[in-house]
Every structure is written in structure tokens, then in C-alpha cells.
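J.:
Numbering (this note's numbering), first residue to last: 4 to 160.
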């Protein structure tokens, strides 16, 4: 099964982008993986927050296939310990979907349309992080999960 990370806006910090590329390469050793980056909403400064969420939501929905299992990375989602996340991912590999799609939205969260399409909501923490850092944290955790599944010594518990 393929795994993808759908994110809005480019990672502009070169150091974060470099480490994200490193983890993306590592993840690809275990599973077909891609990062899909949607452009930021144009003229967002001239729109209300609800308008921004709706426009961004339309772009996200257009990027989702009917064969995707969609997991929103959302502060109101369910938190997992890393080992629990590895168990969840192993179970998801058994479902009849073509792709597991993790989605990181913009700074205002997701539109109702995106929430309604989601199969699952997952939180990385109750704390708030910059979106560029969330990308890196997620990629590291995904890599860590694969090392747990494969019984490799990266994760210590």
C-alpha cells in the first residue's frame, strides 16, 4: 500500500526541508511514499478565515481519491504513543484501500468538507506547532513506526 503526506504550502525553511527529505528517503525504503504539496491559497490576506478554510478545503478534497484512507493530522484528533501508531499502521495495511493519505492543513485547520471526508483524525500532540515543524515531526514518527514494525533498533522502549 502506498502512503502519502498531503500538505499545504511549501516548506520554506531549508534546514527543515533538508531533514524532511532525509526522513522521506528513509521511509521510502519501507513503503512507497510521496509528499504532495498544495500551493497556498492566493490572496489569503484578503479573505476571512472561513473563506480561507473553504478554498483550501476544496484543493484538499480534489487531491483525495475515493480509494484513499484519509487521516487528518489535527489537534483535536486521537493521540497515540509511537508503538500504538505502529499497530494502527499495520492494521491499515490490511484494509482494501490503495493509499493511506495523511493530511496537514493550513494554519486555520480544516473545512467541514475535509472533516467530513476524513476516515480518522490523529493528533501528534496537544501542543501547537508551526506547520513546517509538524511536517518534520510526522515524518520522523512515520520512519520510527516502520523501524518498530520491522523490529529494527531505532526506537527504544
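Glycine included, C-beta positions come from ideal geometry on N, C-alpha and C.
This one's a predicted model, so the numbers in the text were calculated from it and none came from an experiment.
#1: Less than 8 Å between the CB atoms is what I'm expecting for residue 117 and residue 75, so what's the real figure, rounded?
#2: In this structure, how does DSSP classify residue 71 when only helix, strand and coil are distinguished?
#3: Hey, could you find the ends of the beta strand (DSSP E) residue 113 is sitting in?
#4: With a threshold of 16 other CB atoms inside 10 Å of the CB of residue 70, please say whether the residue is buried or exposed.
#5: Where does residue 138 land, buried or exposed, given buried means 16+ other C-beta within 10 angstroms?
#6: Check for me: the beta strand (DSSP E) holding residue 161 runs from which residue to which?
#7: May I have a chain-ordered list of the beta strand (DSSP E) segments no shorter than 3 residues that lie completely inside the segment 36-100?
#8: Quick one: is residue 87 buried, meaning 16 or more other Cβ sit within 10 Å of its Cβ, or exposed?
#9: Could you check which residue in 62, 77, 32 has the C-alpha nearest to that of residue 39?
#10: For residue 126, name the three-state secondary structure that DSSP assigns.
#11: Taking DSSP's pairing of strands, which residues face residue 1 in a bridge?
#12: Using only alpha-carbon positions, find the residue among 49, 112, 122 that is nearest to residue 103.
#13: Mind checking which residues open and close the alpha helix (DSSP H) that includes residue 24?
#14: Are residue 9 and residue 68 close, meaning C-beta to C-beta below 8 Å?
T.: Per the coordinate set shown:
#1: On the chain shown, residue 117 is found 114 positions in, with the first residue counted as 1. On the chain shown, residue 75 is found 72 positions in, with the first residue counted as 1. Correct: roughly 7 Å between the Cβ atoms.
#2: Here the question's residue 71 lines up with position 68 in the chain shown. Strand.
#3: Taking the first residue of the chain shown as position 1, residue 113 is located at position 110. Per DSSP, residue 113 belongs to no beta strand (DSSP E) and is neither H nor E.
#4: Taking the first residue of the chain shown as position 1, residue 70 is located at position 67. Exposed: under 16 other Cβ atoms inside 10 Å.
#5: Position 135 of the chain shown, counted from the start, is the residue given in the question as residue 138. Buried, since its Cβ has 16 or more Cβ neighbours within 10 Å.
#6: A query on residue 161 cannot be resolved here, the shown segment of the chain reaching from 4 to 160 and no further.
#7: 36-41, 71-82
#8: In the chain shown, residue 87 corresponds to position 84, counting from 1. Counting Cβ neighbours within 10 Å, residue 87 comes out exposed, since fewer than 16 surround it.
#9: The residue you call residue 39 lines up with position 36 of the chain shown. Checked all of 62, 77, 32; the closest Cα to residue 39 is 62.
#10: What you label residue 126 is simply residue 123 of the chain shown in a count that begins at 1. Reduced to three states, the DSSP call for residue 126 is strand.
#11: No information on residue 1 is available, as it lies outside the stretch 4 to 160 that the chain covers here.
#12: Position 100 of the chain shown holds residue 103. The option with the nearest alpha carbon to residue 103 is 122.
#13: Walking along the chain shown from the start, residue 24 turns up at place 21. Per DSSP, residue 24 belongs to the alpha helix (DSSP H) from 17-31.
#14: Within the chain shown, numbered from 1, the residue matching residue 9 stands at position 6. Within the chain shown, numbered from 1, the residue matching residue 68 stands at position 65. Against a cut-off of 8 Å, the Cβ pair of residue 68 and residue 9 comes out as no contact.
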